[in-house]
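S.K.:
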Amino acid sequence: EPEVTQTPSHQVTQMGQEVILRCVPISNHLYFYWYRQILGQKVEFLVSFYNNEISEKSEIFDDQFSVERPDGSNFTLKIRSTKLEDSAMYFCASSRRDRGGLGGELFFGEGSRLTVL
Amino acid sequence: GQSLEQPSEVTAVEGAIVQINCTYQTSGFYGLSWYQQHDGGAPTFLSYNALDGLEETGRFSSFLSRSDSYGYLLLQELQMKDSASYFCAVRDTLTGGGNKLTFGTGTQLKVEL
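Protein chains in written order, with our numbering: chain A, 7 to 123; chain Y, 2 to 114.
Below, the structure written as structure tokens:
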């Protein structure tokens, strides 16, 4: 069964450092997302990406964040200068086009745990 | 702003039936989903309601009342493996045809023997 894969599973970094989190979405999906979850809290939307551009982003997704699809398979989230409050689990997700696909269904990866010291 | 409220914790015994409620206030509404999450792992999709009524998928059912801004997830014949966090999530936009979701606060379900 196809799945979303994420690397690294855990990254520890110093405050102010740049971090890149990587994701390989399911191959025939067209929509890609990053969500984050601070320990013990709810899952929060960061950004959605379609047709090689950002389609929507939340207030959390400020200028320190960027996303890129550098080739046909990878989808990356970059945090330019990490802060302590960026410590969280970052989930990548993908979905099919709505028409003909199941509404409301996102396929999540296992997440990348980011710890900022 | 967006708000989805759920009970923080529910406890039930194996074999029982449990209902997890979700009330929402969102700027847009195009459907209510439910996700299961074990121990902080990947959230996995359980069900989706776009229209009022009950949707049944095996042991799990989900209900929606758009006029009441309310839905619930019903889990029957509870098993120990059902112990997990359950999140409701609203699809609040149709921008680009994607599935941007706003998640609820989550309910920790504990199934006991």
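The beta carbon of each residue, even a glycine, is placed where N, CA and C say it ideally should be.
What residue range does the beta strand (DSSP E) around Y56/A cover?
M.R.: V49 to Y56
S.K.: I'd like to know whether the C-beta atoms of M21/A and L120/A end up nearer to each other than 8 Å.
M.R.: no
S.K.: So, L110/Y versus S84/Y, is the Cβ gap smaller than 8 Å?
M.R.: yes
S.K.: Whose Cβ in chain A lies nearer than 7 Å to the Cβ of T94/Y?
M.R.: E62
S.K.: Measure the alpha-carbon distance for N58/A versus V73/A and round it to whole angstroms.
M.R.: 10 Å
S.K.: Would you check if the distance between the CB atom of G72/Y and the CB atom of F64/Y is smaller than 8 Å?
M.R.: yes
S.K.: Specify whether the stretch 16-33 of chain A and the stretch 80-97 of chain A touch according to this definition: at least 3 beta carbon pairs, one from each stretch, less than 8 Å apart.
M.R.: Taking one beta carbon from each stretch, the stretch 16-33 of chain A and the stretch 80-97 of chain A have 3 or more pairs nearer than 8 Å; the two touch.
S.K.: Mind pulling the chain A residues with CB within less than 9 Å of S34/Y?
M.R.: G109, G110, E111 and L112
S.K.: May I have the straight-line CA-CA distance separating E65/A from Q3/Y, to the nearest angstrom?
M.R.: 13 Å
S.K.: Does A13/Y have its Cβ less than 8 Å from a Cβ in chain B?
M.R.: The question asks about chain B, but that chain is absent: this structure's protein chains are A and Y.
S.K.: Contact check, E15/Y vs L114/Y under 8 Å by CB: the rounded distance?
M.R.: Confirmed, Cβ separation roughly 6 Å.
S.K.: Just how far apart, CA to CA, sit E24/A and H35/A?
M.R.: 28 Å
S.K.: Residues of chain A with CB closer than 7 Å to the CB of G1/Y, please, in chain order.
M.R.: Absent from the model: residue 1/Y. The displayed extent of chain Y is 2 to 114, so no value can be given.
S.K.: Quick check on F71/A - is its C-beta less than 8 Å from some C-beta in chain Y?
M.R.: no
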